[in-house]
Amino acid sequence: MTHYFDNGKVTTKAVFDSWGGASAGVDWAVVLGSTLKTPEGDKPTGSVLANKRHVALVFSGSWCPWCRAFEPMLEDMYKKVKANDPNDTEIVYVSVDADSVAFDEATRGKPWPAMPYDISQGNSTVPVGFVQRKIREESGKPMGTLQAKYSLSSLPSIVVLDGKTGNIISKDVRQELGDNPEDGCAWKPSAPASWLEATENAGVDRAVVPGSALKTLEGDKPTGIVLASKKFWCRAFGRCWRSSAR
């Protein structure tokens, strides 16, 4: 008898194969559910993600200020990468919104597909996405299967997967540039090369990445003016933990 394991736990052959265990290609319907909400309506998950080189799972909630601050940068990258190669990357929004109404508002007008709210948060089923600790304690829900698999503890979280095998490429692609959401963020070198090339070639908005103003010896000045015409600029990073989302 053959036994199958996922993260050290006994699982089924279908789940094992879906994560690339049999190198036959990932079954995204098993991993993310049978359908995704797209700008054109609900569509089969497999068809939405077919032939994509990267599938980026974005765990986010509209109540989270860091998530809201990150979204413009994410959308900018997504549109530029899509313009270069429509099959390079697909984002899947995995909702950590407060309720289905907030989910509908958060996904309205967005260019990427989203996991249905009830699938993500486990309403009448096992949650697949990210369930906040407070919700788990109050409702008795378990961690979402993806949250547990990738050991996610803060928001926003981005997990980049190989579009063919489902194997993880990176879950450390975003860097905060300060202790506050308005301080901005940037892509790390561990992000897919296509993301870095698309955003670099298009030029960086220096007021978006480090924030709108910088403290200088002469006082606060607009970021764009301080960094204008500079060929190189460096960042000093600090780590910010947000335990409330765990």
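Taking UniProt numbering, the leading residue of the sequence shown gets 1, the next gets one more, and so forth. Note that the Cβ used here is the ideal one computed from N, Cα and C, for glycine as well. Note that the coordinates shown come from a computational prediction; the quantities given were computed from them, not determined experimentally.
Residue i and residue j closer than 8 Å at C-beta
i    : j    : result
G166 : G144 : no
L146 : V92  : no
T89  : K52  : yes
A102 : S62  : yes
V48  : P111 : no
K172 : S190 : A small fix is needed here, since residue 172 is Asp in this sequence, not Lys. A contact, by the Cβ cut-off of 8 Å.
M115 : V94  : yes
R174 : F59  : no
Start and end residues, alpha helix (DSSP H) containing residue i
i   : result
S60 : Element bounds for S60: not the alpha helix (DSSP H) but the beta strand (DSSP E), H54 to S60.
G46 : T45 to L49
A29 : W28 to L32
Which residues DSSP lists as bridging residue i, in chain order
i           : result
residue 247 : Outside the displayed range of the chain (1 to 246) lies residue 247, so it cannot be described from this structure.
T216        : G219
S95         : S60
G25         : For G25, which the question treats as bridged, DSSP gives no partner whatsoever.
D42         : K37
Cβ of residue i within 8 Å of any chain B Cβ
i    : result
L217 : The displayed structure is made up of one protein chain only, and chain B is not part of it.
Extent of the continuous beta strand (DSSP E) run through residue i
i   : result
D76 : No beta strand (DSSP E) holds D76; the alpha helix (DSSP H) holding it covers P65 to N84.
L36 : T35 to T38
### Stretch pair the region 41 to 48 + the region 144 to 158: three plus CB contacts closer than 8 Å
These segments do not touch.
### Task
Note down, one range per segment and in chain order, each beta strand (DSSP E) of at least 3 residues found wholly within the region 133 to 195.
For the region 133 to 195, whole beta strand (DSSP E) runs of length 3 or above, ordered along the chain, are 157 to 162, 168 to 170, 174 to 176 and 185 to 187.
### Message
Contact between the region 132 to 142 and the region 99 to 116 is defined here as three or more beta-carbon pairs at a separation below 8 Å; is this criterion met?
### Response
The region 132 to 142 vs the region 99 to 116: no contact.
### Query
How about the region 192 to 200 and the region 110 to 125: do they share at least three Cβ pairs that are nearer than 8 Å?
The region 192 to 200, when compared against the region 110 to 125, does not touch it at the 8 Å Cβ threshold.
### Task
Taking only runs that begin and end inside the region 108 to 136, name each unbroken alpha helix (DSSP H) of 4 or more residues, in chain order.
If you keep only unbroken alpha helix (DSSP H) runs of at least 4 residues inside the region 108 to 136, you get 117 to 121.
#### Entry: the region 174 to 186 / the region 64 to 71 touching (three or more Cβ pairs under 8 Å)
The region 174 to 186, when compared against the region 64 to 71, does touch it at the 8 Å Cβ threshold.
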